[in-house]
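The next block holds one structure in the form of structure tokens; read it before the comments.
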Amino acid sequence: MDENLKELIFSRQFLLGPRPFVLTNQWKATPLEKSLILSTHPKLDFEIETAGSCTLVLLGYIIDPFNPAKTSAEILTDIIEKATDVLTVIDATIHLSGRWVLIYFDSQDSVIFTDPYGLRQVYYHVNNEGFWCGSQPEIIKAATGLDLNKNKNFLEFITSLNYQSTECALVGNKTRYADCYHLLPNHFLNLNTGSSIRFFPQKKPSSVTVDNAIQIASSILKGSMDAISQRFSAMLAVTAGWDTRLLFAATKNVSSRFVYYVDRMGALPPYHPDVQVPQRLFQKLGLNFVVKNSREDPPEWFMKILSQSVSEARLLPKTRMIYGVFSEGLKSIDVNGNGSEVCRNFYDKFSLISGDNPTTAELAGFMGYYKSKFVKNELADWENGLELNGTFGYHILDLLYWEQRMSNWGAHYASEQDVSIEDFKPFNNRLLVITLLSLPREYRSGPRFPIYTKLIEEMWPEALAEPINPTNFFSSYLHLCFDHLPLSIRSRLKLIRFALKDFLKISKGRLKRPVVFLK
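Under our numbering, think of the first position of the sequence shown as 16, with each following residue one higher.
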């Protein structure tokens, strides 16, 4: 393989293990504590800080919304100065944004944990050589060799239409390889024992008034947008939806640093609301707005690199955006609104569910996997662990989206993007999330999402000059009726809709497999 192409494999990834993994001469191998060696791709930033018996390693980038000018190295120094054990280190990250992994060593502890949503992913495996951690199962496989997961329920799941309909989002901590596991958000991994330990939640969220929540949340969002645009050339996707409109409002004071855009991906027509609404908004505000159309499917060599680097690599319309950015050679960071859904009751948009103890089958149904044995087993294990720990007043559906949907589906796209561009999700901030989750659910409910409206009014009221997700009365009524249906019927209707859309695309010759395994 050409050396330039070989450099793209495992872009922005790391491997931690008993021996180095140096794919090209541009990789770095750094000895750490406990006879562990950290191997890093040249595009992955990392910092190491030592104080007394403590060592802290940062993989990726980290920002402080309350001190936007601080570098990752300066923030790492702030964290280690407060460190007495792993929990104080975790507590010191509560207000921080970014996409990062932290490794912490002291005289007793050796642990690794991720950013709040697990967007900088961690997978782990134990063999006769010792303990391995990596950004993806594929990099662990490249170093150690892994056997495929032959569990019957797992295989039925990943070959199901349900799996395709949710953009191939895994559930739980299993992977396509036996004995290779995913570290879920709100857990740290003990590198001495190989055990995953939940550290959040440990107490009830503090009661906040709406005004206080607005001040805290707006400060974090504005500070995050300021910080990220100081460090990187920033691109912010803006659609007709709530999440991107809120992020756009947070850029009022730094709008000159951002490129605002939407990408049609060869799929959205020019008259789609996600294209027309932001166009009208930016015209009213006198700001530049770019409508891109990454319509070219990635070539086979690109998909081969992607699937060698990321497990379950997909060929979707948004994969065209990844290849489009790569082809343009953009040296930017992609800012997007994924993760905001945790704070707006995604699995109960209209706050129709009175209880907070849905069954495991219902949890699977909310995720679109109503009949999957694999998913039910994984969610049963997750729910049992959560019950042992306690939810401390957090709603299980919010935690379901946070720990299962974002860490798998949400992080999956960020990992795929690594071959082309770095990713930033401003809602990946623990203080922001717990502040908004502290509010009564009606403030986070559709169709108007009152807290989001108030936040936009606080940060940039003119950003509401165009309607958000404009719909007619019939469409709104239909969505409300749909959410009143029993969960089993909703799940089946969603699946029928997906199958029908697939059939129509296939009949028009516009559909390719959503997943490719080119090894």
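For glycine and all other residues, C-beta sits at the position ideal for the given N, C-alpha and C.
The structure presented is a predicted model; accordingly, all values stated were derived computationally and were not measured.
Item to check | Contained beta strand (DSSP E) runs [length at least 3] in the region 19-58, N- to C-terminal order | outcome: Entirely contained in the region 19-58, the beta strand (DSSP E) runs reaching 3 residues are, in chain order, 29-32, 43-46 and 52-55.
Checklist entry - Using 8 Å as the threshold, is the region 286-302 in touch with the region 345-362, meaning 3 or more CB pairs across them? => result With a cut-off of 8 Å, the region 345-362 and the region 286-302 do not count as touching, because too few Cβ pairs lie within range.
Item to check | Exposed unless 16 or more other CB atoms sit within 10 angstroms - verdict on I212 | outcome: With fewer than 16 Cβ atoms within 10 Å of its Cβ, I212 is classed as exposed.
Checklist entry - Quick one, are the C-beta atoms of S150 and F29 less than 8 Å apart? => result Yes, they are a contact pair.
Checklist entry - In this structure, does DSSP put M382 in helix, strand or coil? => result Reduced to three states, the DSSP call for M382 is coil.
Item to check | Y286 classed as buried or exposed, judged by whether at least 16 other C-beta atoms fall within 10 angstroms | outcome: The C-beta of Y286 has fewer than 16 other C-beta atoms within 10 Å across all chains shown, which makes the residue exposed.
Checklist entry - Three-state secondary structure (DSSP) at R279? => result The answer is coil: DSSP assigns R279 none of H, G, I, E or B.
Checklist entry - What first and last residue would you give for the beta strand (DSSP E) that runs through F407? => result F407 -> no beta strand (DSSP E), and no H or E assigned at all.
Checklist entry - Would you say the region 140-150 touches the region 26-44, given that touching needs at least three Cβ pairs under 8 Å? => result Using a Cβ-Cβ distance cut-off of 8 Å, the region 140-150 and the region 26-44 are in contact, since at least three pairs of beta carbons, one from each stretch, lie closer than that value.
Next on the checklist: Within a Cβ cutoff of 8 Å, which residues of the same chain sit near I127, ignoring the five residues on either side of it in sequence?
Outcome noted: Taking C-beta separations shorter than 8 Å and ignoring five residues to either side along the sequence, the partners of I127 in its chain run L31, V116, L117, I118, Y119, V137, C148, L198, F203, L204 and L206, following chain order.
Item to check | Coarse secondary structure for N268, derived from DSSP in three states | outcome: Note: N268 maps to helix in three-state DSSP.
Checklist entry - Taking the beta strand (DSSP E) that E182 falls in, what are its first and last residues? => result Segment: none, E182 is in no beta strand (DSSP E) and carries neither H nor E.
Item to check | Same chain only: Cβ atoms within 8 Å of V225, ignoring 5 sequence neighbours per side | outcome: Contacts found: L454, Y458, I466 and K469.
Next on the checklist: Counting only beta-carbon separations shorter than 8 Å, does I411 have a partner in chain D?
Outcome noted: As a matter of chain content, chain D is missing from the structure shown, which is built from one protein chain.
Item to check | Candidates I449, P57, S68 and S435: closest to F317 by CA position | outcome: Checking every option, the nearest Cα to that of F317 belongs to S435.
Item to check | Cutoff 7 Å; reference V14; Cβ partners in own chain excluding five residues on either side | outcome: This structure leaves residue 14 out entirely; the chain is present only between 16 and 534.
Item to check | Cut-off 7 Å between Cβ atoms - residues of its own chain near R310, not counting five sequence neighbours on either side | outcome: Closer than 7 Å at Cβ, skipping near neighbours: G281 and R335.
Item to check | Residue environment, F488, which counts as buried when at least 16 other CB atoms sit within 10 Å | outcome: Note that F488 has pLDDT 47, beneath the 50 cutoff, so the model's placement of it is unreliable and the number below is only indicative. By the neighbour-count criterion, in which a residue is buried when 16 or more other Cβ atoms sit within 10 angstroms of its Cβ, F488 is exposed.
Checklist entry - Nearest to R72 by alpha carbon, out of G238, T45 and L412? => result Note that residue 72 corresponds to Val in the displayed sequence, not to Arg. For the residues G238, T45 and L412, the minimum Cα distance to V72 belongs to T45.
Next on the checklist: Please classify T181 as buried or exposed, where buried requires at least 16 other C-beta atoms within 10 Å of its C-beta.
Outcome noted: By the 10 Å Cβ count, T181 comes out buried.
Checklist entry - Out of F25, A264, V253 and G67, which has the shortest C-alpha to C-alpha gap to T55? => result Looking at the Cα atoms, F25 is the closest of the given residues.
Item to check | Contacts around M421, its chain only, beta-carbon distance under 6 Å, and the 5 residues preceding and following it disregarded | outcome: Closer than 6 Å at the Cβ level, and outside the excluded window around M421, lie Y132 and G354.
Next on the checklist: Given this structure, state the Cα-to-Cα distance separating D162 from S234, to the nearest angstrom.
Outcome noted: Straight-line Cα distance between these residues: approximately 47 Å.
Item to check | Nearest-angstrom Cα separation, counted from R456 out to A158 | outcome: The alpha-carbon of A158 is positioned some 46 Å away from that of R456.
Checklist entry - Should G209 and D396 be called a contact, given that it needs their Cβ atoms to be closer than 8 Å? => result No, the Cβ-Cβ distance between G209 and D396 is not below 8 Å.
Next on the checklist: Helix, strand or coil, according to DSSP, for D17 in the structure here?
Outcome noted: If DSSP states are grouped into helix, strand and coil, D17 belongs with coil.
Checklist entry - Hey, I77 and S87 are a contact pair by Cβ (cut 8 Å); roughly how many whole angstroms apart? => result That belief holds up - the Cβ atoms of I77 and S87 are roughly 5 Å apart, short of 8 Å.
Next on the checklist: Taking 8 Å as the threshold (C-beta atoms), are P441 and K236 in contact?
Outcome noted: Correcting the residue type first, residue 236 is Leu in the shown sequence and not Lys. Going by beta carbons, L236 and P441 fall inside the 8 Å limit.
Next on the checklist: What would DSSP say about V448, mapped onto helix, strand or coil?
Outcome noted: Three-state DSSP puts V448 in a helix.
Checklist entry - Would DSSP call F488 helix, strand or coil? => result Any reading at F488 needs caution, since the residue's pLDDT is 47, under 50, leaving its predicted position unreliable; the model's value is listed next. If DSSP states are grouped into helix, strand and coil, F488 belongs with the helices.
Item to check | Continuous alpha helix (DSSP H) stretch holding M474: start and end | outcome: In the DSSP assignment, M474 falls within the unbroken alpha helix (DSSP H) covering P465 to M474.
Item to check | K364 and A379 closer than 8 Å at C-beta | outcome: In this structure, A379 does not lie closer than 8 Å to K364 by Cβ.
Checklist entry - Going by the CB atoms, is the gap between L134 and G461 shorter than 8 Å? => result Contact: no.
Next on the checklist: Using 8 Å for Cβ pairs, my map puts F61 next to L74. What's the rounded Cβ distance?
Outcome noted: F61 to L74, Cβ: 5 Å. Contact.
Next on the checklist: Tell me the rounded alpha-carbon separation between F109 and V223.
Outcome noted: Reading the sequence as shown, one finds Ile at residue 109 and not Phe. In a straight line, the C-alpha of I109 is about 17 Å away from that of V223.
Checklist entry - Where do the N-terminal and C-terminal ends of the alpha helix (DSSP H) with F172 fall, by residue? => result Taken as a continuous stretch (DSSP letters only), the alpha helix (DSSP H) holding F172 covers K167 to I173.
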